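Chemist: Heads up: the sequence shown begins at 0 in numbering that gives the first Met the number 0, then just goes up one per residue.
Where is the CB? At the ideal position from N, CA and C, for every residue including glycine.
Given the structure is predicted, the values throughout are model-derived calculations rather than measurements.
My questions will all concern the structure given below.
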Amino acid sequence: MTNKEGVTEVHVVILAAGQGTRMKSTLPKVLHKVCGQSMLSRVVRSARSLNPASITVVVGHQAEQVRAACEGESRIGFVVQEPQLGTAHALRQAEPVLTGKSGTLVLLSGDVPLLKGHTLLGLVEAHTRAGAAATVMTAEVDQPYGYGRIVRTGGAIARIVEQRDASPEQARIREINAGIYAFDLKPLWSALAGIASANAQGEYYLTDLISIYRRQKLAVETLQVGDPQDVRGVNSRSELADVGKVVRQQKNAELMAAGVTLIDPDTTYVEENVEVGADTVIHPGVYLEGTTRVGSACEIEANVRLIDSVVGNHVTIRNFCVLNGAVVADGAVIGPFAHLRPATEVGQGARVGNFVELKKTVLGPGSKANHLSYLGDAVIGAQVNVGAGTITCNYDGVNKHRTVIEDGAFIGSDTQLIAPVRVGKGAYVGAGSSITGDVPDGALGISRGRQTNVEGWAERKKSGAGGTGE
Ligand code: UD1
Ligand code: CA
Numbered sequence: 000m001t002n003k004e005g006v007t008e009v010h011v012v013i014l015a016a017g018q019g020t021r022m023k024s025t026l027p028k029v030l031h032k033v034c035g036q037s038m039l040s041r042v043v044r045s046a047r048s049l050n051p052a053s054i055t056v057v058v059g060h061q062a063e064q065v066r067a068a069c070e071g072e073s074r075i076g077f078v079v080q081e082p083q084l085g086t087a088h089a090l091r092q093a094e095p096v097l098t099g100k101s102g103t104l105v106l107l108s109g110d111v112p113l114l115k116g117h118t119l120l121g122l123v124e125a126h127t128r129a130g131a132a133a134t135v136m137t138a139e140v141d142q143p144y145g146y147g148r149i150v151r152t153g154g155a156i157a158r159i160v161e162q163r164d165a166s167p168e169q170a171r172i173r174e175i176n177a178g179i180y181a182f183d184l185k186p187l188w189s190a191l192a193g194i195a196s197a198n199a200q201g202e203y204y205l206t207d208l209i210s211i212y213r214r215q216k217l218a219v220e221t222l223q224v225g226d227p228q229d230v231r232g233v234n235s236r237s238e239l240a241d242v243g244k245v246v247r248q249q250k251n252a253e254l255m256a257a258g259v260t261l262i263d264p265d266t267t268y269v270e271e272n273v274e275v276g277a278d279t280v281i282h283p284g285v286y287l288e289g290t291t292r293v294g295s296a297c298e299i300e301a302n303v304r305l306i307d308s309v310v311g312n313h314v315t316i317r318n319f320c321v322l323n324g325a326v327v328a329d330g331a332v333i334g335p336f337a338h339l340r341p342a343t344e345v346g347q348g349a350r351v352g353n354f355v356e357l358k359k360t361v362l363g364p365g366s367k368a369n370h371l372s373y374l375g376d377a378v379i380g381a382q383v384n385v386g387a388g389t390i391t392c393n394y395d396g397v398n399k400h401r402t403v404i405e406d407g408a409f410i411g412s413d414t415q416l417i418a419p420v421r422v423g424k425g426a427y428v429g430a431g432s433s434i435t436g437d438v439p440d441g442a443l444g445i446s447r448g449r450q451t452n453v454e455g456w457a458e459r460k461k462s463g464a465g466g467t468g469e
């Protein structure tokens with residue numbers, strides 16, 4: 000079937016019904032994450048680059064959980080395979096939704112997560128150009144263990160032999176089946192019905208289709224992928240770690256090529272959607288996650304974690320800071336040991352020092368909160384000095400209340416600001432105060448017990464005279 004532009008229609012099926020026994024997990028295998036994104040959603044993303052007429056996911060083991068994980072995805076359908084009797088049996092479950100359709104079926108595996116869009120486009124192009132009944136994506140690898148091997152006769156693919164069914168000689172073949180195929184829809188369903196389960200696992204192997212097609216004299220082609228890393232399959236936790244490393248290394252290489260210094264790329268963990276500007280230096284043990292954006296010429300010191308945060312230019316984030324949903328303007332200095340929580344904004348040139356926590360708080364330009372503070376639900380103006388140990392008491396057990404500190408104010412150390420409360424422009428708060436009412440512009444707010452000194456008290460205590468009761 001061709002669409003309006005005269006291009007062959009492409010339908011995608013993704014196999015995701017297997018249990019993934021070798022993962023030893025209660026989580027379905029395809030929902031395990033590679034650098035922050037599940038394997039299945041990575042596969043769906045690469046499928047979309049084909050602009051397919053349909054995407055069908057075959058679910059089975061923990062079907063509901065897999066389906067729920069795809070909730071945010073538009074335009075995908077599901078079919079259920081129950082019980083799970085092998086990859087050929089899995090593909091057969093998609094027959095009812097694709098009957099009457101012609102064109103190309105691209106079959107993907109939910110556990111081959113690094114597949115690139117352009118690789119898939121290349122597969123469909125080669126398949127269409129050859130007019131083949133099936134085109135198998137293959138790769139030449141150093142460690143073929145676990146994969147199906149491509150057995151050739153006279154150069155052409157004759158069949159695929161699974162690891163468990165391979166003779167010692169076949170096991171030495173280094174060309175493997177990537178588990179990704181393009182099929183002409185026409186001969187597919189009747190051929191699938193002819194697959195038997197007489198093998199080491201007693202399963203219906205999709206890979207048997209190749210020898211069936213060869214017997215029927217249907218054209219079977221192969222396409223070898225340029226970079227074998229792109230088609231690595233994940234069956235175990237150690238393979239999961241391997242593919243995670245591949246993604247990380249690719250991202251780190253891109254960052255370095257774009258002018259970012261990574262002191263130690265092996266211990267730098269940057270998710271794919273993160274952006275970092277040139278001349279920023281990233282130290283070991285740094286995690287940049289989600290939608291994080293870091294500007295240029297920043298210094299991100301060791302063991303910092305930024306989640307969904309935006310950092311301007313020339314910002315220094317010292318060791319052991321955690322920022323989640325925070326926005327930091329140019330030239331600010333954060334940490335060490337600071338915690339910036341969602342909806343926090345740190346203004347230009349502001350400073351947040353050690354053991355300071357900010358939540359839903361704006362700290363204005365040039366302001367400082369350098370030591371041991373909790374600032375929550377606060378709006379703090381420009382050039383404010385927040386002394387050590389200042390705490391906004393924002394929560395009364397039921398509701399959260401706001402603290403406002405206006406430009407140029409000075410909050411003495413060890414102050415509690417009992418919200419809702421306002422400290423006016425240029426006002427001072429005396430150290431050790433519990434501020435329960437507003438402090439007007441330019442005023443001094445102070446609230447603490449008056450000090451009394453008892454002369455000679457220590458000497459009398461030592462001699463046992465006492466007498467004052469103190
Ligand atoms: C499969 C291929 C192998 C190939 C490798 C590439 C077969 C028989 N073998 O082996 O040639 O080298 O992939 O990674 O096809 N699934 C179902 N229902 C089932 C069984 C599996 O949906 O009944 C799904 C799994 O969830 C998985 C995919 O199919 O996403 C592949 O299954 P898996 O058991 O991992 O096959 P491999 O042994 O890796
Ligand atoms: Ca697999």
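Any chance you could list the residues with Cβ under 5 Å from a heavy atom of ligand 2, keeping chain order?
Modeler: Here the residues come out as 110, 232 and 234.
Chemist: Given a cut-off of 9 Å on the beta-carbon distance, is the pair residue 311 and residue 327 in contact?
Modeler: Closer than 9 Å, so yes.
Chemist: Roughly how many angstroms separate the alpha carbons of residue 242 and residue 249, rounded to a whole number?
Modeler: The straight-line gap from Cα to Cα measures roughly 11 Å.
Chemist: For ligand 1, is there a heavy atom less than 8 Å away from the beta-carbon of residue 144?
Modeler: It does not: the Cβ of residue 144 is nowhere closer than 8 Å to a heavy atom of ligand 1.
Chemist: Taking Cβ to Cβ, would you say residue 314 is nearer than 9 Å to residue 346?
Modeler: Their beta carbons are not under 9 Å apart, which means residue 314 does not touch residue 346 by this criterion.
Chemist: Please go through the same chain and pick out, in chain order, the residues whose beta-carbon is closer than 8 Å to the beta-carbon of residue 55, but skip the five residues on each side of it.
Modeler: Closer than 8 Å at Cβ, skipping near neighbours: 10, 11, 12, 13, 75, 76, 77, 78, 93, 96 and 97.
Chemist: How would you call residue 148, buried or exposed, if buried means at least 16 neighbouring beta carbons within 10 angstroms?
Modeler: When all chains shown are included, residue 148 counts as buried.
Chemist: Going by alpha carbons, who is nearest to residue 183 out of 156, 139 and 219?
Modeler: Comparing Cα positions, the closest option is 219.
Chemist: Thinking just about the alpha-carbon of each residue, which of 309, 365, 369 and 317 is nearest to the one in residue 343?
Modeler: For residue 343, the nearest C-alpha among the options comes from 309.
Chemist: Got a sec, what are the start and stop residues for the beta strand (DSSP E) residue 358 sits in?
Modeler: Where residue 358 is concerned, the enclosing beta strand (DSSP E) stretches over 350–358.
Chemist: Can you tell me whether residue 37 is helix, strand or coil according to DSSP?
Modeler: It is a strand residue.
Chemist: Residue 278 to residue 353, Cα distance in whole Å?
Modeler: Straight-line Cα distance between these residues: approximately 25 Å.
Chemist: With 16 as the cutoff for other CB atoms within 10 Å, does residue 207 come out buried or exposed?
Modeler: Looking at its Cβ environment, which holds 16 or more other Cβ atoms inside 10 Å, residue 207 is buried.
Chemist: How about residue 108: is its Cβ closer than 8 Å to a heavy atom in ligand 1?
Modeler: Within the cutoff, so yes.
Chemist: For residue 306 and residue 320, what's the separation of their Cα atoms in angstroms?
Modeler: Their Cα atoms are separated by approximately 11 Å.
Chemist: For the alpha helix (DSSP H) holding residue 241, just list the boundary residues, first then last.
Modeler: Its alpha helix (DSSP H) spans residues 236–256.
Chemist: Identify the residues that DSSP records as bridge partners of residue 384: which are they?
Modeler: 367 and 409, per the DSSP bridge assignment.
Chemist: What whole-angstrom Cβ distance do residue 196 and residue 85 have, given they're in contact under 8 Å?
Modeler: With 8 Å as the limit, residue 196 and residue 85 qualify as a contact, their Cβ atoms being about 7 Å apart.
Chemist: To the nearest angstrom, how far is the alpha carbon of residue 65 from that of residue 48?
Modeler: If you take the alpha carbons of residue 65 and residue 48, they lie about 22 Å apart.
Chemist: Counting only the same chain and skipping the five closest in sequence on each side, list residues whose C-beta sits under 6 Å from that of residue 174.
Modeler: Excluding positions up to five away in sequence, the list reads 137, 139 and 149.
Chemist: If you drop the 5 nearest sequence neighbours on each side, which residues of the same chain put their C-beta closer than 7 Å to that of residue 375?
Modeler: The answer, listed in chain order, is 358, 359, 360, 391 and 393.
Chemist: Enumerated in chain order, which unbroken segments of the alpha helix (DSSP H) with a length of 4 residues or greater are wholly contained in the stretch 181–240?
Modeler: DSSP runs (the alpha helix (DSSP H)) wholly in the stretch 181–240: 184–192 and 208–214.
Chemist: Under 9 Å between the Cβ atoms of residue 28 and residue 233?
Modeler: Result yes, Cβ atoms of residue 28 and residue 233 sit closer than 9 Å.
Chemist: Residue ranges of each alpha helix (DSSP H) run of no fewer than 4 residues wholly in the stretch 149–185, ordered along the chain?
Modeler: Segments of the alpha helix (DSSP H) lying fully in the stretch 149–185: 167–170.
Chemist: Kindly indicate the opening and closing residues of the alpha helix (DSSP H) around residue 481.
Modeler: Outside the displayed span of the chain (0 to 469) sits residue 481, for which this structure offers no information.
Chemist: Just curious, the beta strand (DSSP E) that residue 304 is in, first and last residue?
Modeler: Looking at the DSSP string, the run of the beta strand (DSSP E) that includes residue 304 is 304–306.
Chemist: Across which residues does DSSP place residue 288 in a beta bridge pair?
Modeler: BP columns for residue 288 point to 306.
Chemist: Mapping DSSP to helix, strand and coil, what is residue 111?
Modeler: Correct three-state label for residue 111: coil.
Chemist: On the CB-based measure, 16 or more other CB atoms within 10 Å of its CB, does residue 439 come out buried or exposed?
Modeler: Exposed is the call here.
Chemist: Using only the heavy atoms of ligand 1, determine whether one of them is closer than 8 Å to the beta carbon of residue 102.
Modeler: No, since every heavy atom of ligand 1 falls outside the 8 Å radius drawn around the Cβ of residue 102.
Chemist: Check whether the Cβ atoms of residue 387 and residue 372 lie closer than 9 Å to each other.
Modeler: Yes; because the gap between Cβ atoms is below 9 Å, this pair is in contact.
Chemist: Between residue 228 and residue 177, what straight-line distance do the alpha-carbon atoms span, to the nearest angstrom?
Modeler: One C-alpha to the other measures close to 10 Å.
Chemist: Is it buried or exposed for residue 458, if we count other Cβ within 10 angstroms and need 16 for buried?
Modeler: Its Cβ having fewer than 16 others within 10 Å, residue 458 is exposed.
Chemist: Following the continuous beta strand (DSSP E) through residue 15, name the residue where it begins and the one where it ends.
Modeler: Unbroken beta strand (DSSP E) run through residue 15: 9–15.
Chemist: On a CA-only basis, which of 330, 407 and 322 is nearest residue 338? Give me that one, please.
Modeler: Here the closest residue by C-alpha is 322.
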